[in-house]
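Novice:
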Amino acid sequence: MTDAGLKPRLSRAHVLDLLGRMIRIRTFEQACAEAYTQEKIRGFLHLYDGEEAVAVGVIPVLEPRDRVVATYREHGHALARGVSMPAVMAEMFGRRDGCSGGRGGSMHLFDRAANFYGGNAIVGGGLPLAVGLALADHMRGEDRVTVCFFGEGAAAEGEFHESLNLAALWGLPVLFVCENNLYAMGTALGRSESETDIHRKAEGYRIAAEAVDGMDVVAVEAAARRAVAAIRETGRPFFLECRTYRFRAHSMFDAQLYRDKAEVEGWKAKDPIRRFQAWALSAGLLHPEDVAALEAAAAAEVQAAVAFAEASPLEPVADLARHVTAAERPPAPDPRPAQGAPVDTTCREAVRQAIREAMIRDDRVFLMGEDVGAYGGCYAVSKGLMEEFGPARIRDTPLSEAGFTGAGLGAAMAGMRPIVELMTVNFSLLALDQILNSAATLRHMSGGQFGCPLVIRLATGAGRQLAAQHSHSLEGWYAHIPGLRILAPATVEDARGMLWTALQEPDPVLIFEHVMLYNAVAPLAADAGPVDIDRAAVRRAGKDLTLITYGGSLAKTLQAANALAKEGIEAEVIDLRVLRPLDETAILTSVARTRRVVIVDEGWRSGSLAAEIGMRIAEKAFFDLDAAPVRVCSEEVPIPYASHLEQAALPSTEKIIDAARTVLGRS
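Take the sequence shown: its letters are residues 1 to 667, numbered as in the UniProt record's numbering.
1) Touching or not, the stretch 376-392 and the stretch 400-407, by the rule of three or more beta carbon pairs under 8 Å?
2) According to DSSP, is Ala255 part of a helix, a strand, or is it coil?
3) To which residues does DSSP link Leu240 through a beta bridge?
4) For Glu654 and Ser428, I'd like the C-alpha separation in whole angstroms.
5) Could you check whether Gly105 and Arg95 sit closer than 7 Å to each other, using their CB atoms as the reference points?
6) So, for Leu664: in the same chain, excluding its five sequence neighbours on each side, which residues have a beta-carbon less than 8 Å away from its beta-carbon?
7) Rounding to the nearest angstrom, what Cα-Cα distance links Ser471 and Ala488 in this structure?
8) Straight-line CA distance for Ser667 to Lys566?
9) Please identify the residue among Arg540, Leu442 and Val492 whose C-alpha is closest to the C-alpha of Asp507.
10) Would Val207 and Pro173 be called neighbours here (beta carbons separated by less than 7 Å)?
11) Going by DSSP, what residue range makes up the alpha helix (DSSP H) through Thr345?
12) Quick one: give me the first and last residue of the beta strand (DSSP E) that Ser634 is part of.
13) Per DSSP, which one or two residues make a beta bridge with Ala418?
14) Can you list, in chain order, the residues of its chain with a C-beta nearer than 6 Å to that of Gly542? Leave out the 5 residues immediately preceding and following it.
15) Who are the Cβ neighbours of Ala467 in its own chain at under 6 Å, not counting the five residues just before and after it?
16) Are there 16 or more other CB atoms within 10 angstroms of the CB of Gln449, so buried, or fewer, so exposed?
17) Which residues mark the beginning and the end of the alpha helix (DSSP H) in which Pro288 is found?
18) Locate the beta strand (DSSP E) running through Pro523, then write down its first and last residues.
19) Quick test of the definition: if touching needs 3 or more C-beta pairs under 8 Å, does the stretch 39-55 touch the stretch 73-81?
20) Measuring CB to CB, does Ile41 end up less than 7 Å from Ala298?
21) Using only the alpha-carbon positions, how far apart do Ala648 and Ile639 sit?
22) How about residue 670 and Leu517: are their beta carbons less than 7 Å apart?
23) Helix, strand or coil for Arg457? Go by DSSP, reduced to three states.
24) So, for Glu91: in the same chain, excluding its five sequence neighbours on each side, which residues have a beta-carbon less than 7 Å away from its beta-carbon?
25) For Gln38 and Phe253, I'd like the C-alpha separation in whole angstroms.
26) Which residues does DSSP list as the beta-bridge partners of Arg395?
27) Quick one: what's got a C-beta closer than 7 Å to Leu564's C-beta in the same chain, skipping five residues either side?
28) Mind checking Ser282: buried by the 16 CB within 10 Å criterion, or exposed?
29) Which of the three DSSP states is assigned to Gly43 in this structure?
30) Can you find a heavy atom of the ligand MG that lies under 6 Å from the Cβ of Val306?
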């Protein structure tokens, strides 16, 4: 495309369109401010007054197939993208007819039909998601651009740097648009950044970057045209720093005592609406009556949107649990037994086979994580897979857990089936923002419009003398979070079969693979298929007490049950397999029969998953019990390095036996 083709054509029609769009956004924001003072809108309300030229300059340049990821000040972006104004206003009012069904509110506007992937209340939180959306398009060879809007405060976040690096490293079609309004909440840019030219940070990642006057809609549109054309031509990212200013406070809660009134007034003199309007009038492209007509049309549209929002019903309380997870899930896998002869197989090899078969079966599946490719994985699970499937599908990542986990989330939203490997469970804490604030919440916040069929594999547990920072058992923490499915395979069969079933799920699944099981060996048929991920399993039948456990503690628990049998005590062993949602039926059925229970959990005792299970038994099976539930958990210490201390800190066969004797009154 020639330079002339990239310049805005400032015809009368185009001038009317640009000015009308900005006036429409400003009028909408003014109505929101008024509704907030009337307590019709609550929570945080971040208004876009003063920044309209950015959304209006960038978004209309896009094609309908392109994607938009916004931040929490996203009303202008949504309106510029074509999201229905009545639906946006109803969302602000928390009503059922809102664009997110009243579940997202001001900071979480979504519209699948408009390819509007929502606002994000976490500073910088949308950047990895945008990278993942672009990654999906890149892998499929689809001609789309993903635009990601964020404020300059995000430039201090790790996710900013991780996302820019990934986009540049992988050559992804992302347009990063920094709306630099000089203040991250109340902190001036000069007090928080050593480099205040934000686009220079992008250049450090070898991303083409440009700074533009964000108060000049024509300049923004021209820059956006250049950027989008460059992305479509090269497939590589582009960075726009739009230097703008918010005329209102950070949010309606903000007294904005940190800004000098003279500074605000100075920027208001550069008001993008007044500035463009004055130029168009002086150039003879507009007349005063045109401006009046645009203002009247915007006022009428906003008034109708407010009326729509006020008339919209509230979501019934009976529907509170809607959209936490998908309403429809795939059927349970066929329980037909394998036909092949069993072969001794390690858990490591079983997981590798599962990944390999998934990638053969579905070209949407890919694996990414630290050292999964050329190195073969920290635990050698993916060894040899890159040679078979290539580096695009066995994708090595930088050490940037939040970045590549968020990218997996975005790719899943775009229809891919990523498997993200987090090398150890403690590293997942670096990605907790993306797991908790995005993956687990997107379906709910979007009113069911967007799901996240993402599988995350994590190595968990202690026993290998890796000391305190590499020996966590945090699966109980993640089992606390609505919107996630948590799996803990304890057998070779489950290590292989759970992955394929998980890849069919419409919601995020976390699979916790215990490090002490990778070398475990058991017979497994070559044609062993997927397994059920809804139900616990009875690994040993018994009548005298129930031993409940999961993952790496199953072998110890079975050893304890066998030892107890020599004393004439028949213990039933329940392997939970699924930690969220728990199979309460299996638990309560067993406890009702044995009337005594011991729960074995490698997590720490305080706030443990064992405590949750014990309380559910107390709530629902209290009168079935002949003794109080007993827990065997890790000691309340960071896991030590020294082998004898590490073993002393963990549940052991002996501790389980002692607990069983206690609950039976034989201690």
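No residue lacks a Cβ here, since even glycine has one placed at the ideal position from N, Cα and C.
Every value quoted in this text rests on a predicted model; they were computed, and no experiment measured them.
Specialist: So, from the data block:
1) Not touching, per the Cβ criterion.
2) coil
3) Val177 and Glu210
4) 32 Å
5) no
6) Around Leu664: Asp544, Leu545, Ile569, Arg596 and Ala627.
7) So the two alpha carbons sit approximately 16 Å from each other.
8) 16 Å
9) Leu442
10) For the sequence presented, residue 207 should be read as Ile rather than Val. No. Outside cutoff.
11) Unbroken run through Thr345 is the beta strand (DSSP E), Pro342 to Thr346; no alpha helix (DSSP H).
12) Going by DSSP, Ser634 is part of the beta strand (DSSP E) stretching over Val630 to Ser634.
13) It should be pointed out that residue 418 corresponds to Pro in this sequence rather than to Ala. Note: Pro418 sits in a beta bridge opposite Phe366.
14) Glu570, Ala571 and Glu572
15) Tyr641
16) It counts as buried.
17) Residues Pro288 to Ala311.
18) The continuous beta strand (DSSP E) containing Pro523 extends over residues Val521 to Ala525.
19) Under the three-pair Cβ rule at 8 Å, the stretch 39-55 counts as touching the stretch 73-81.
20) No, they are not a contact pair.
21) 10 Å
22) An answer regarding residue 670 cannot be provided, because it is not within the stretch 1 to 667 covered by the chain.
23) Reduced to three states, the DSSP call for Arg457 is strand.
24) Exclusion of the five residues before and after Glu91 leaves Gly98, Cys99, Ser100, Gly102, Gly104, Gly105 and Leu109 as the residues of its chain whose Cβ lies within less than 7 Å of its Cβ.
25) Going by the C-alpha atoms only, they are around 14 Å apart.
26) Met368, per the DSSP bridge assignment.
27) Ala571, Ile657 and Ala660
28) With fewer than 16 Cβ atoms within 10 Å of its Cβ, Ser282 is classed as exposed.
29) coil
30) Here there are no bound small molecules, and the ligand MG is not part of this structure.
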